[in-house]
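Chains as they are written, first to last, in the UniProt record's numbering: chain A, 1 to 358; chain P, 1 to 358. Heads up, the beta-carbon is just placed ideally off N, CA and C, and yes, glycines get one too. Nothing here was measured: the structure is a model prediction, and the numbers come from that model. The block underneath contains the structure these notes are about, expressed in structure tokens.
Protein chains: 2
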Amino acid sequence: MRALDLTASSPDITRAICDIPSVSDHEGALADAIERAIAPLPHLEVHRDGDTIVARTDAGHAQRVVIAGHIDTVPINGNVPTRDVTIDGEPYIWGRGTVDMKAGVAVQLKLAAELVDPAVDITWMWYDHEEVAAEHSGLTRLAASRPDLFAGDFAILGEPTAGLVEGGCNGTLRAIVRTHGVRAHSARSWIGENAIHAAAPVLARLAEYRPRTISVEGLEYREGLNAVAISGGVAGNVIPDLCEVQVNFRFAPSRSEEEAVAHVRGVFEGFEVEIADLAGGARPGLDAPLAQRFLQAVGGAPRPKYGWTDVARFSRLGVPAVNYGPGDPLLAHHDEERVPVAQIEEVERGLRAWLTAR
Amino acid sequence: MRALDLTASSPDITRAICDIPSVSDHEGALADAIERAIAPLPHLEVHRDGDTIVARTDAGHAQRVVIAGHIDTVPINGNVPTRDVTIDGEPYIWGRGTVDMKAGVAVQLKLAAELVDPAVDITWMWYDHEEVAAEHSGLTRLAASRPDLFAGDFAILGEPTAGLVEGGCNGTLRAIVRTHGVRAHSARSWIGENAIHAAAPVLARLAEYRPRTISVEGLEYREGLNAVAISGGVAGNVIPDLCEVQVNFRFAPSRSEEEAVAHVRGVFEGFEVEIADLAGGARPGLDAPLAQRFLQAVGGAPRPKYGWTDVARFSRLGVPAVNYGPGDPLLAHHDEERVPVAQIEEVERGLRAWLTAR
Chain A
1 MRALDLTASS PDITRAICDI PSVSDHEGAL ADAIERAIAP LPHLEVHRDG
51 DTIVARTDAG HAQRVVIAGH IDTVPINGNV PTRDVTIDGE PYIWGRGTVD
101 MKAGVAVQLK LAAELVDPAV DITWMWYDHE EVAAEHSGLT RLAASRPDLF
151 AGDFAILGEP TAGLVEGGCN GTLRAIVRTH GVRAHSARSW IGENAIHAAA
201 PVLARLAEYR PRTISVEGLE YREGLNAVAI SGGVAGNVIP DLCEVQVNFR
251 FAPSRSEEEA VAHVRGVFEG FEVEIADLAG GARPGLDAPL AQRFLQAVGG
301 APRPKYGWTD VARFSRLGVP AVNYGPGDPL LAHHDEERVP VAQIEEVERG
351 LRAWLTAR
Chain P
1 MRALDLTASS PDITRAICDI PSVSDHEGAL ADAIERAIAP LPHLEVHRDG
51 DTIVARTDAG HAQRVVIAGH IDTVPINGNV PTRDVTIDGE PYIWGRGTVD
101 MKAGVAVQLK LAAELVDPAV DITWMWYDHE EVAAEHSGLT RLAASRPDLF
151 AGDFAILGEP TAGLVEGGCN GTLRAIVRTH GVRAHSARSW IGENAIHAAA
201 PVLARLAEYR PRTISVEGLE YREGLNAVAI SGGVAGNVIP DLCEVQVNFR
251 FAPSRSEEEA VAHVRGVFEG FEVEIADLAG GARPGLDAPL AQRFLQAVGG
301 APRPKYGWTD VARFSRLGVP AVNYGPGDPL LAHHDEERVP VAQIEEVERG
351 LRAWLTAR
């Protein structure tokens, strides 16, 4: 593997790190490449934990910001290696991870290498296992082993926001809704009870569900309740005795985790519901002074973030956090995932201006 | 291994051959034991094809009957070796294969050895790979290499019928009903279309479906339409773009295969339906003169067979066929599979009376 060249342009670094596949649970090669490029830099103190890499300046500034990005992606679907494409005259980098969120990581890597004397101290974090259950996240692991590394006055997550500032985030809950039956040979189906047929009302309630949009501190958070998986079946000639529907509820930051659980249990009243995964949202948090200065530096009005991101994790630790990164979030996880080259450069300029302003 | 003793009682032969495991694809040891016991008998002409053994008398009788049984079982689940058990004072042989269908094979082996001068010519068939996809069946192989061996005026399959005569069998069809959607990140579900939600009407139609009972030549065939598997889902945070429901339609022998397909397509009108597996049923065939004599010899009124069995194969070749064997079909494949000793003896008496009546 060629070494990462952090003197290249941030779009070129984007292509380089997208072409090192790093689907969740397979981040090792990319983490190694990042560590090899960052570890020799004398202005950074580097700590590795699994496939998470933390790099800190320690110049004794009064304020510290944390800037973080995950290095894993959802599964590749014929969209690696990356390509340069032009749509309506605009150049893009196309491929898995370009939006979510290696273009953001590329900007961070470049600035980490170049800003040897920033105006504030910076803690850079590149972490693994963001696209899977929160318990597997590199940040969960790091928060347990080195909570001190999360200290800061403000945090920025480089998740895709099309170069705008997105405040807070929705919460997310995954639950398993189960139906039960009685096995029997399908030639004598009347002896058994079909658990898959029993799931018909579960799917009907999901299909009929009308999600709400909730205003929090002036930003509009749009919710959603969806089946993300379904499974059931024993063999081609057996009446199944179990069907499991996995649902995902994305909820506004005004709902507590407990309220979100109660809502989902209410929707599926009469069915067995097991909560599999739960992460509360984060309120926008844009009233902090560093946040205000950041908004002025990068320009533009803040918007709500729909996706759950690790800003919620910082928010819970008392560190105000926003999302700011290149790429249209609507194209995250999309097979046609692609990021405008100009947006990568714009985010680089925005972050650089803020981090160097004295 | 001790040689099979075909002078033992049919219950003792049942225990002996159940204690030689013969899960599908591992029938060799049992086929060898059968061949060693049968091949030396001077009144039988023996042909072996893989683990299928055919033994024929050839005394020049005007009529020939085919009597067949499969020697494989579904997987063992702690229920081999067999045990003698007594329930409510009635003696049973307990263990894998006792019902489906080694007790039936035991009776056949004993009669094959003892009936040196039957009233009709007999073709005995003991075959492998019945409990798996039809393409692997020993009978499929034999029908290709030696179709002449299937010639006969009437056929009896020793599948478990609790010692009653079960005529014909239902057909079976498996189909995949598919719904499609558009993938998106579940945080912005309104961008995508949820294929699992789109399957709600598929499950609703299954749950509402009222199967018919259809009278064919005086026997009542009960049908059934069931989901036997469902799957869908990409990841916990992705709106799924595909959901597949596998359905199994068990249909009366009065419906042709084409009519069964049309019925299933009609039920799921508006959805993509792929036929995965199809085997027509068999009419009872009890109006044949040999069948009438058989019914008189064994006594009792015939019933319909619900499960698909190899009688359909003989029926398609123009050989009327019925199921007649010891064991409760509801206990087939059951971990508590067990056969009443009295039923084994009763089936032996019934077959012997019919095959020796002049």
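Cutoff 7 Å: residue i Cβ touching any chain A Cβ
i: Ser189 (chain P); result: yes
i: Ala207 (chain P); result: yes
i: Arg338 (chain P); result: no
i: Gly138 (chain P); result: no
i: Leu203 (chain P); result: yes
i: Ala200 (chain P); result: yes
i: Ser24 (chain P); result: no
i: His61 (chain P); result: no
i: Gly95 (chain P); result: no
i: Gly266 (chain P); result: no
i: Gly171 (chain P); result: no
i: Arg224 (chain P); result: Correcting the residue identity first, residue 224 (chain P) is Gly in this sequence and not Arg. Closer than 7 Å to some Cβ of chain A, the Cβ of Gly224 (chain P) qualifies, so yes.
Three-state secondary structure (DSSP) of residue i
i: Trp308 (chain P); result: coil
i: Gly171 (chain A); result: strand
i: Phe251 (chain A); result: strand
i: Phe271 (chain P); result: coil
i: Ser231 (chain A); result: strand
i: Val85 (chain A); result: strand
i: Asp287 (chain P); result: coil
i: Asp277 (chain P); result: strand
i: Arg338 (chain A); result: strand
i: Ala68 (chain A); result: strand
i: Arg316 (chain P); result: helix
i: Arg303 (chain A); result: strand
i: Ala31 (chain A); result: helix
i: Leu6 (chain P); result: coil
i: Leu297 (chain P); result: Correcting the residue identity first, residue 297 (chain P) is Ala in this sequence and not Leu. Correct three-state label for Ala297 (chain P): helix.
i: His263 (chain A); result: helix
First and last residue of the uninterrupted alpha helix (DSSP H) at residue i
i: Ile344 (chain A); result: Val341 to Thr356
i: Phe154 (chain P); result: No alpha helix (DSSP H) holds Phe154 (chain P); the beta strand (DSSP E) holding it covers Phe154 to Leu157.
i: Val107 (chain A); result: Ala103 to Glu114
i: Val322 (chain A); result: No alpha helix (DSSP H) contains Val322 (chain A), which is instead part of the beta strand (DSSP E) from Ala321 to Asn323.
i: Leu11 (chain P); result: With the sequence shown as reference, residue 11 (chain P) is identified as Pro, and Leu is not the correct amino acid for it. From DSSP, the alpha helix (DSSP H) with Pro11 (chain P) extends over Ser10 to Cys18.
i: residue 362 (chain A); result: Outside the shown range of chain A (1 to 358) lies residue 362 (chain A), about which nothing can therefore be said.
i: Glu208 (chain A); result: Ala200 to Glu208
i: Arg141 (chain A); result: Gly138 to Ser145
Distance cut-off 6 Å: residue i Cβ against heavy atoms of the ligand MG
i: Ala151 (chain P); result: With respect to small molecules bound, the structure shown includes none, and the ligand MG cannot be examined in it.
Any chain P beta carbon closer than 7 Å to residue i
i: Gln182 (chain A); result: It is worth fixing the name first, because residue 182 (chain A) is Val in this sequence and not Gln. No, because no Cβ of chain P sits closer than 7 Å to the Cβ of Val182 (chain A).
i: Gly232 (chain A); result: yes
i: Leu6 (chain A); result: no
i: Ile196 (chain A); result: yes
i: Arg174 (chain A); result: yes
i: Ala279 (chain A); result: no
i: Gly168 (chain A); result: no
i: Ser186 (chain A); result: yes
Continuous beta strand (DSSP E) stretch holding residue i: start and end
i: Ser215 (chain P); result: Thr213 to Val216
i: Leu219 (chain A); result: Leu219 to Arg222
i: Ile93 (chain A); result: Glu90 to Trp94
Bridge partner(s) assigned by DSSP for residue i
i: Ile184 (chain A); result: One point to set straight first is that residue 184 (chain A) is Ala, not Ile, in the sequence displayed. Bridge partners of Ala184 (chain A): A:Ile239.
i: Ala55 (chain A); result: A:Val46 and A:Trp124
i: residue 369 (chain P); result: Residue 369 (chain P) lies beyond the range of chain P shown here (1 to 358); nothing can be said about it.
i: Thr161 (chain P); result: The partner list for Thr161 (chain P) (beta bridge, DSSP) is empty, contrary to what the question assumes.
i: Glu244 (chain A); result: A:Arg178 and A:Ser231
i: Ala282 (chain A); result: A:Cys169
i: Glu193 (chain P); result: P:Val182
i: Asn226 (chain A); result: A:Asn248
Original post:
Looking at chain P, which residues of the stretch 319-333 of chain A have a Cβ within less than 8 Å of any of its Cβ atoms?
Top reply: Pro329, Leu330, Ala332 and His333
Original post:
Which residues, in order along the stretch 294-320 of chain A, keep a beta-carbon less than 7 Å from a beta-carbon of chain P?
Top reply: Listed in sequence order: Tyr306, Gly307 and Trp308.
Original post:
Which of the residues in the stretch 227-252 of chain A, read from start to end, lie with their CB under 9 Å from any CB of chain P?
Top reply: Ala227, Val228, Ala229, Ile230, Ser231, Gly232, Gly233, Val234, Ala235, Gly236, Asn237, Val238, Ile239, Pro240, Cys243, Val245, Gln246, Asn248 and Arg250
Original post:
Of all the residues that make up the stretch 64-87 of chain P, which are near chain A by a beta-carbon distance shorter than 8 Å?
Top reply: Answer set for the stretch 64-87 of chain P: empty.
Original post:
Looking at chain P, which residues of the stretch 141-158 of chain A have a Cβ within less than 8 Å of any of its Cβ atoms?
Top reply: none
**OP:** Taking only beta carbons into account, state which residues of the stretch 116-135 of chain A come closer than 8 Å to chain P, listed in chain order.
**Re:** Glu131, Val132 and Ala133
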